[in-house]
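Step one of this worksheet: look at the structure below.
Protein chains: 2
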Amino acid sequence: MEEIIQTREISVGVVGLGLMGSSIVAALLLAGHPVKAIAPLPTELADAPDRILSQIRHADEADLLAQAPDAYIAQLTVSADYGVLADCRLVLECVTEKIAIKQIVYQKIAAVVSSETVIASNTSAIPISMLQQLVPNPERFLGIHWAEPAYMTRFMEITCGTQTSLERANWAFELAHYWQKEPTLLRKDIRGFVTNRLMYAIYREGLHLVEKGDATLEDVDKAFRYDAGSWITMMGIFRRMDYTGLQDYPEIFRRIFPLLSNSDEVPDLMQQLVDRQLRGTQSAQGLYDYTEEEAKEWDKAFAVFNKDIYQLAARYPFRTDQRIG
Amino acid sequence: MEEIIQTREISVGVVGLGLMGSSIVAALLLAGHPVKAIAPLPTELADAPDRILSQIRHADEADLLAQAPDAYIAQLTVSADYGVLADCRLVLECVTEKIAIKQIVYQKIAAVVSSETVIASNTSAIPISMLQQLVPNPERFLGIHWAEPAYMTRFMEITCGTQTSLERANWAFELAHYWQKEPTLLRKDIRGFVTNRLMYAIYREGLHLVEKGDATLEDVDKAFRYDAGSWITMMGIFRRMDYTGLQDYPEIFRRIFPLLSNSDEVPDLMQQLVDRQLRGTQSAQGLYDYTEEEAKEWDKAFAVFNKDIYQLAARYPFRTDQRIG
Numbered sequence: 012m013e014e015i016i017q018t019r020e021i022s023v024g025v026v027g028l029g030l031m032g033s034s035i036v037a038a039l040l041l042a043g044h045p046v047k048a049i050a051p052l053p054t055e056l057a058d059a060p061d062r063i064l065s066q067i068r069h070a071d072e073a074d075l076l077a078q079a080p081d082a083y084i085a086q087l088t089v090s091a092d093y094g095v096l097a098d099c100r101l102v103l104e105c106v107t108e109k110i111a112i113k114q115i116v117y118q119k120i121a122a123v124v125s126s127e128t129v130i131a132s133n134t135s136a137i138p139i140s141m142l143q144q145l146v147p148n149p150e151r152f153l154g155i156h157w158a159e160p161a162y163m164t165r166f167m168e169i170t171c172g173t174q175t176s177l178e179r180a181n182w183a184f185e186l187a188h189y190w191q192k193e194p195t196l197l198r199k200d201i202r203g204f205v206t207n208r209l210m211y212a213i214y215r216e217g218l219h220l221v222e223k224g225d226a227t228l229e230d231v232d233k234a235f236r237y238d239a240g241s242w243i244t245m246m247g248i249f250r251r252m253d254y255t256g257l258q259d260y261p262e263i264f265r266r267i268f269p270l271l272s273n274s275d276e277v278p279d280l281m282q283q284l285v286d287r288q289l290r291g292t293q294s295a296q297g298l299y300d301y302t303e304e305e306a307k308e309w310d311k312a313f314a315v316f317n318k319d320i321y322q323l324a325a326r327y328p329f330r331t332d333q334r335i336g
Numbered sequence: 012m013e014e015i016i017q018t019r020e021i022s023v024g025v026v027g028l029g030l031m032g033s034s035i036v037a038a039l040l041l042a043g044h045p046v047k048a049i050a051p052l053p054t055e056l057a058d059a060p061d062r063i064l065s066q067i068r069h070a071d072e073a074d075l076l077a078q079a080p081d082a083y084i085a086q087l088t089v090s091a092d093y094g095v096l097a098d099c100r101l102v103l104e105c106v107t108e109k110i111a112i113k114q115i116v117y118q119k120i121a122a123v124v125s126s127e128t129v130i131a132s133n134t135s136a137i138p139i140s141m142l143q144q145l146v147p148n149p150e151r152f153l154g155i156h157w158a159e160p161a162y163m164t165r166f167m168e169i170t171c172g173t174q175t176s177l178e179r180a181n182w183a184f185e186l187a188h189y190w191q192k193e194p195t196l197l198r199k200d201i202r203g204f205v206t207n208r209l210m211y212a213i214y215r216e217g218l219h220l221v222e223k224g225d226a227t228l229e230d231v232d233k234a235f236r237y238d239a240g241s242w243i244t245m246m247g248i249f250r251r252m253d254y255t256g257l258q259d260y261p262e263i264f265r266r267i268f269p270l271l272s273n274s275d276e277v278p279d280l281m282q283q284l285v286d287r288q289l290r291g292t293q294s295a296q297g298l299y300d301y302t303e304e305e306a307k308e309w310d311k312a313f314a315v316f317n318k319d320i321y322q323l324a325a326r327y328p329f330r331t332d333q334r335i336g
């Protein structure tokens with residue numbers, strides 16, 4: 012007979028402690044879980060504890076903590092040994108987007124956990140139904156897609172593969188609410204997920220305008236930052252349509268859809284930057300150019316902004332689950 | 012010899028006092044201009060003064076006023092008579108998106124103002140180069156596209172038509188900075204403008220996912236609200252790419268671009284709502300369903316949110332005008 016335990020007592024495993032993995036560990040600790048964090052890379056093993064601590068302090072500055080930071084850290088185990096995952100009911104995989112590497116990771120996880128343990132990937136690029144085939148007992152596998160920083164964003168996309176048990180998906184959906192997320196549950200395995208599809212539709216059009224010389228990077232960023240940026244945190248795109256009265260849209264669709272880029276190609280502009288190994292603010296060169304100080308300033312400013320926008324969004328908790336039947 | 016006057020002493024005309032026109036009048040009054048507001052419709056003549064006053068009070072609540080509301084209102088003339096525009100150096104047209112109506116309006120404006128007076132349209136749907144042909148002395152005609160509410164958003168898109176004098180466009184660009192906007196100046200007449208192109212790329216993809224049954228309206232709104240909504244007010248889309256390190260994008264472009272909707276068609280879902288004359292929160296029925304109270308609640312909440320996000324955005328004034336040459 013299974014012992015009844017509190018949700019916060021559920022041990023959760025995280026495999027892969029890069030930027031995103033560490034941030035997910037912080038989110039799970041803040042939710043009260045004991046967290047077993049596996050660092051497959053030696054650099055991650057060395058860096059992760061400090062990074063996780065500084066993330067918890069960041070959350071503390073935003074008044075998100077009920078206890079002192081140490082109380083959360085006490086629940087953390089960091090190890091290179093998959094054996095510590097043994098008692099986890101959920102293990103989140105956050106390693107690089109390479110299928111061969113993920114396959115090895117899934118085998119190592121499955122070798123130590125119960126066949127009931129839910130295994131989830133944070134992938135935003137590879138179909139869940141494909142990854143699922145690499146996991147023993149595939150019905151317990153699904154996608155749980157977080158936004159960075161995981162401990163201070165409400166976004167969460169839960170995606171079923173074709174073999175995922177709906178019961179497990181619902182369990183994860185409930186758990187996401189316990190984590191104070193605003194999850195979406197996609198019962199079908201949509202290639203590209205929802206948020207990526209929307210974002211890449213913008214990226215395609217924005218890069219198209221820049222490559223044609225119709226607008227500069229700055230124009231596109233300004234337009235989006237000061238237009239969509241003035242309402243999207245509260246509304247989403249369809250609520251905005253309702254708010255603006257709906258009637259004008261079909262006429263504008265008719266005029267604008269035929270003008271939009273339908274390209275399948277990777278824009279040269281992007282390919283060249285990536286070929287040159289530029290990493291944006293992380294290397295102080297990318298689409299924009301930065302001094303070392305400017306690059307750091309952006310990173311710091313975003314940490315502060317994130318706290319601000321998280322708190323602002325919390326004041327507008329409107330439910331979006333009412334619609335015409 | 013022309014008298015030298017202060018920028019704030021420039022009289023500005025606004026023709027069309029619907030929701031957007033009234034809001035633009037409020038923005039111009041707050042900038043200190045004498046404003047000549049023309050109400051072509053009797054209902055607008057009756058409703059506009061109260062609406063403008065309540066918008067100025069709204070701005071007052073957000074601490075945007077240097078003087079008492081009455082001091083701004085004292086600078087306002089509302090009339091059905093185009094003759095009051097005579098001394099304006101700039102006239103903004105904000106009437107309905109019908110070319111035949113705009114043509115009549117331009118003739119009435121041109122009949123009373125100097126041939127030097129800049130005439131601008133707030134259109135977001137009709138090419139500036141086309142409208143320009145309807146205006147005597149077309150070199151003084153351009154697009155000035157505002158975001159709602161005009162007195163509390165920083166977005167502004169200034170668009171040249173093929174015949175627009177660059178000198179006039181630069182004058183408008185300077186003036187926009189005086190209005191505390193973050194304007195973009197598009198020297199080419201891009202059909203669909205920048206912000207519309209980006210937004211309609213999202214609308215196309217979002218409606219496509221909903222019509223295919225891959226996601227619900229709520230899923231799309233949640234994903235966008237809690238993902239993009241957690242950074243876009245600060246970053247814009249290209250700055251975000253730099254911030255996230257650039258390297259993964261080409262691979263994801265390659266996977267996702269071929270999946271995106273390339274449709275030219277107006278989605279049935281939208282056409283049906285519009286055929287049924289639904290107007291979203293304005294009629295308490297649209298993509299979502301509302302009770303009368305809920306619809307009002309959204310309107311009220313957005314007025315408050317707008318103040319919050321305007322103030323938040325003001326704390327992150329990073330310039331976006333640095334880039335690789």
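If you read the sequences in order, they're chains E and A.
Residue numbers are given in the numbering used here: position 317 of the first sequence equals residue 328, and the series is strictly consecutive.
Residue numbers are given in the numbering used here: position 53 of the second sequence equals residue 64, and the series is strictly consecutive.
From the three backbone atoms N, C-alpha and C, an ideal C-beta is built for every residue, glycine too.
Fair warning: this is a prediction, and the values are worked out from it, not measured in the lab.
Short CB-CB distance (under 8 Å) between residue i and chain A
i                : result
GLU262 (chain E) : yes
MET245 (chain E) : yes
LYS311 (chain E) : no
MET141 (chain E) : no
THR195 (chain E) : yes
TYR189 (chain E) : no
THR255 (chain E) : yes
ASP98 (chain E)  : no
ASP74 (chain E)  : no
N-terminal and C-terminal residue of the alpha helix (DSSP H) that residue i is part of
i                : result
LYS113 (chain E) : 110-123
MET252 (chain A) : 243-254
PRO269 (chain A) : Unbroken run through PRO269 (chain A): none, as it is neither H nor E.
GLY141 (chain E) : It should be noted that the sequence gives Met, not Gly, for residue 141 (chain E). Counting along the chain, the alpha helix (DSSP H) containing MET141 (chain E) begins and ends at 139-143.
LYS223 (chain E) : Looking at the DSSP string, LYS223 (chain E) is not in any alpha helix (DSSP H), and its letter there is neither H nor E.
LEU280 (chain A) : 279-286
PHE342 (chain A) : The structure shown does not extend to residue 342 (chain A), since chain A is modelled only from 12 to 336, so the question has no answer here.
THR54 (chain A)  : 53-72
Buried versus exposed, by CB contacts within 10 Å (16 or more), residue i
i                : result
GLN118 (chain A) : exposed
SER90 (chain A)  : exposed
LYS311 (chain A) : exposed
GLY172 (chain A) : buried
LYS223 (chain A) : exposed
LEU177 (chain A) : exposed
Interface partners of residue i on chain E, CB under 7 Å
i                : result
ILE267 (chain A) : GLY203, ASN207, ARG208, TYR211
is_contact[residue i, chain E] using C-beta, thresh 8 Å
i                : result
PHE184 (chain A) : no
GLN293 (chain A) : yes
PHE316 (chain A) : yes
GLY240 (chain A) : yes
GLY27 (chain A)  : no
ALA158 (chain A) : yes
LEU323 (chain A) : yes
ASP92 (chain A)  : no
ILE155 (chain A) : no
GLU20 (chain A)  : no
Range covered by the beta strand (DSSP E) that runs through residue i
i                : result
SER135 (chain E) : Looking at the DSSP string, SER135 (chain E) is not in any beta strand (DSSP E), and its letter there is neither H nor E.
HIS156 (chain A) : 152-157
SER22 (chain E)  : Neither: SER22 (chain E) is in no beta strand (DSSP E) and is coded neither H nor E.
Cross-chain neighbours of residue i in chain A, by beta carbon under 7 Å
i                : result
GLN258 (chain E) : VAL285, ARG290
LYS199 (chain E) : ASP225
Contact list for residue i against chain A, beta-carbon separation under 8 Å
i                : result
PHE235 (chain E) : THR206, LEU209, ILE243, GLY247, ILE248
8 Å Cβ cut-off: residues of chain E touching residue i
i                : result
GLY297 (chain A) : MET252, ASP253, LEU257
ASP319 (chain A) : LEU323, ARG326
* Asked: Which residues, taken in chain order from the region 215-231 of chain A, show a beta carbon closer than 7 Å to some beta carbon of chain E?
  -> Those residues of the region 215-231 of chain A that come within reach of chain E (Cβ to Cβ, closer than 7 Å) are ARG215, GLU216, GLY217, LEU220, ASP225, ALA226, LEU228, GLU229, ASP230, VAL231.
- Between the region 106-136 of chain E and chain A, which residues of the former have a C-beta closer than 9 Å to a C-beta of the latter? Taking a C-beta cut-off of 9 Å against chain A, the contacting residues of the region 106-136 of chain E are GLU108, SER135, ALA136, listed in chain order.
| task | Could you name the residues of the region 163-180 of chain E whose beta carbon sits closer than 7 Å to any beta carbon of chain A, in the order they occur along the chain? | result | Within the region 163-180 of chain E, the residues whose Cβ lies closer than 7 Å to some Cβ of chain A are THR164, ARG165, PHE166, GLU168, listed in chain order.
request  = Check each residue of the region 267-282 of chain E: if its Cβ is closer than 8 Å to any Cβ of chain A, include it; give the result in chain order.
outcome  = Cβ contacts with chain A come from ILE267, PHE268, PRO269, LEU270, LEU271, SER272, ASN273, SER274, ASP275, GLU276, VAL277, PRO278, MET281, GLN282.
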